[in-house]
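Asks: Numbering (our numbering), first residue to last: 24 to 405.
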């Protein structure tokens, strides 16, 4: 630990590290930790994956962390004043109660009675601390459980009722948003496919690239190679996964060259399953020249659906092939780089990198000539 970073905390490093590992609420507001590999600092209660111990630096205030060049985490917002412990404890109790009701979503009044808090106050405090409403939190857990059931091969109807959907129509209405496709398509994702994959280190961390015989179907970025491989195996649990062949290694090398600043983004084939709307958005993203950024509203206008800004944002968030479909080139209208599935710091570095490749090409999102196009598999919504 850097001695100057934690001048007023006299506890041992091991005690502080254990507080982080166990997300000890007693340290919230008193302890902060920075991750040198990402230059991001968090609360000890942050829900994100725990970093490598060797990359962690301890701080006693947000100011101390930011003075060392660390940026606040977008998930736990360590720069904000924390809510008093009693309210936070009740929100944690509400989360535990919601998690325990596996086959249904409890009402706001029911949760409020459980934690002795009025529904209105609970809604406000819960969203302030967790970032979403109690219903949204419960619904995200429900869709997560459904994914697990479908990946394990369970039939759709039993899986729906097992996780608390009263009717299949309720899920099918939300399926494109929450699963990215219909439940049947999700259940059979990768079924019968032979998928090759490769993992390599890059200036932005580890990169995993997976491909079918038709093209690249998945690109992920992260800090841990084993976790990326495990995530890929879960996502394509019905497929036959094999380590890379020479062609895929060549594709990977071209991506590493791009991330290293040696070559522009390569023109690689991709093979993705998606809804028609997602494909519209992703093809519009591929028409954005390197070094240029647009807003979600720009994309919505470009595909002729100006009132679908939120749906465009969701399509960007569910993009399965990072880099090839450059969702990192979409930024908020209010300014800043905005969120990114693989980390805002990576998005910022990608945008800086692409400024070097910027051309004077006029942005025309409606023109697809000469651009990469995502392949649309047939019968994607059986």
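For every residue, glycine included, the Cβ atom is placed at its ideal position computed from N, Cα and C.
1) To which residues does DSSP link residue 80 through a beta bridge?
2) Could you give the uninterrupted runs of the beta strand (DSSP E) lying entirely in the stretch 233 to 301, keeping only those of 3 residues or more?
3) With DSSP as the reference, please indicate the residues paired to residue 318 in a beta bridge.
4) What is the residue span of the alpha helix (DSSP H) that residue 46 lies within?
5) Would you report the Cα separation of residue 234 and residue 228, rounded to the nearest angstrom?
6) Can you tell me whether DSSP reads residue 326 as helix, strand or coil?
7) What residue range is occupied by the uninterrupted beta strand (DSSP E) comprising residue 221?
8) Taking the alpha carbon of residue 270 as the reference point, which residue from 258, 239, 259 has its own alpha carbon closest?
9) For residue 193, does the count of other Cβ atoms within 10 angstroms reach 16, so buried, or fall short, so exposed?
10) Pop quiz: residue 54 and residue 93 are said to be a contact at Cβ under 8 Å. What is the actual Cβ separation, rounded to whole angstroms?
11) Hey, would you say residue 347 sits closer than 8 Å to residue 222, going by beta carbons?
12) How big is the Cα-Cα spacing for residue 147 and residue 132?
13) Counting Cβ pairs closer than 8 Å, one from the stretch 310 to 324 and one from the stretch 291 to 299, do we hit at least three?
14) Would you decide whether residue 367 is buried or exposed? Buried here means 16 or more other CB atoms lie within 10 Å of its CB.
15) Given a cut-off of 8 Å, decide if residue 370 and residue 363 are closer than it, judged by their beta-carbon atoms.
16) Cβ of residue 308 within 8 Å of Cβ of residue 352?
17) On a Cα-Cα basis, can you pick out the residue from 65, 274, 336 that is closest to residue 78?
18) Quick one: what does DSSP say residue 363 is sitting in, helix, strand or coil?
19) Quick one: give me the first and last residue of the beta strand (DSSP E) that residue 69 is part of.
20) Verify whether the separation of the beta carbon atoms of residue 277 and residue 218 is less than 8 Å.
21) In terms of residues, what are the limits of the alpha helix (DSSP H) holding residue 90?
22) Find the nearest neighbour of residue 326 within the set 134, 336, 281, 304, judged by alpha-carbon distance.
23) Give a yes or no on whether the C-beta atoms belonging to residue 283 and residue 226 are separated by under 8 Å.
24) Taking the alpha-carbon positions, what's the residue 98 to residue 88 distance?
25) Alpha carbons only, please: which of 236, 285, 47, 76 is nearest the one belonging to residue 60?
26) Could you work out which residue in 258, 275, 266, 256 is closest to residue 224 when comparing CA atoms only?
27) Given a threshold of 16 other Cβ atoms within 10 Å of its Cβ, counted over all protein chains shown, does residue 245 qualify as buried or as exposed?
28) Would you report the Cα separation of residue 186 and residue 220, rounded to the nearest angstrom?
29) Does residue 204 come out as helix, strand or coil in the three-state DSSP assignment?
30) Going by the DSSP bridge assignment, what does residue 63 pair with across the sheet?
31) Helix, strand or coil for residue 128 per DSSP?
Replies: According to the data block:
1) Looking at the DSSP assignment, residue 80 forms a beta bridge with 57.
2) Correct list: 239 to 245, 263 to 266.
3) Residue 318 pairs with 354.
4) Where residue 46 is concerned, there is no enclosing alpha helix (DSSP H), given that its DSSP letter is neither H nor E.
5) Residue 234 and residue 228: Cα-Cα distance of roughly 20 Å.
6) Coil at residue 326, not helix or strand.
7) Per DSSP, residue 221 belongs to the beta strand (DSSP E) from 217 to 225.
8) Closest by alpha carbon: 239.
9) Bear in mind that the predicted position of residue 193 carries a pLDDT of just 47, short of 50, making it too unreliable to give a figure here.
10) Cβ atoms of residue 54 and residue 93 stay farther apart than 8 Å, at about 14 Å.
11) No, the Cβ-Cβ distance between residue 347 and residue 222 is not below 8 Å.
12) Answer to the nearest angstrom: the Cα atoms are 13 Å apart.
13) No: the two stretches stay apart, fewer than three of their Cβ pairs being nearer than 8 Å.
14) Answer is buried; the Cβ neighbour count reaches 16.
15) Contact: yes.
16) Using a Cβ distance threshold of 8 Å, residue 308 and residue 352 count as a contacting pair.
17) For the residues 65, 274, 336, the minimum Cα distance to residue 78 belongs to 65.
18) Shown here, residue 363 sits in coil according to DSSP, grouped into three states, outside any helix or strand.
19) Note, residue 69: premise wrong, no beta strand (DSSP E); not H, not E.
20) No; because the gap between Cβ atoms is not below 8 Å, this pair is not in contact.
21) Secondary structure note for residue 90: its alpha helix (DSSP H) is the uninterrupted segment 85 to 90.
22) Answer by Cα proximity: 304.
23) It is a contact, given that the beta carbons lie within the stated cut-off.
24) Their Cα atoms are separated by approximately 16 Å.
25) Nearest option by C-alpha distance: 76.
26) Measuring C-alpha to C-alpha distances from residue 224 to each of 258, 275, 266, 256 identifies 275 as the nearest.
27) Within a 10 Å sphere around the beta-carbon of residue 245 sit 16 or more other beta-carbons, which makes this residue buried.
28) Note that residue 186 scores a pLDDT of 42, beneath 50, so its modelled location is shaky and nothing firm can be said.
29) At residue 204 the pLDDT is 43, less than 50, meaning the model places this residue with poor confidence; the figure from the coordinates comes in the next sentence. Three-state DSSP puts residue 204 in coil, outside helix and strand.
30) DSSP, once it has assigned bridges, lists 58, 94 as partnering residue 63.
31) Coil at residue 128, not helix or strand.
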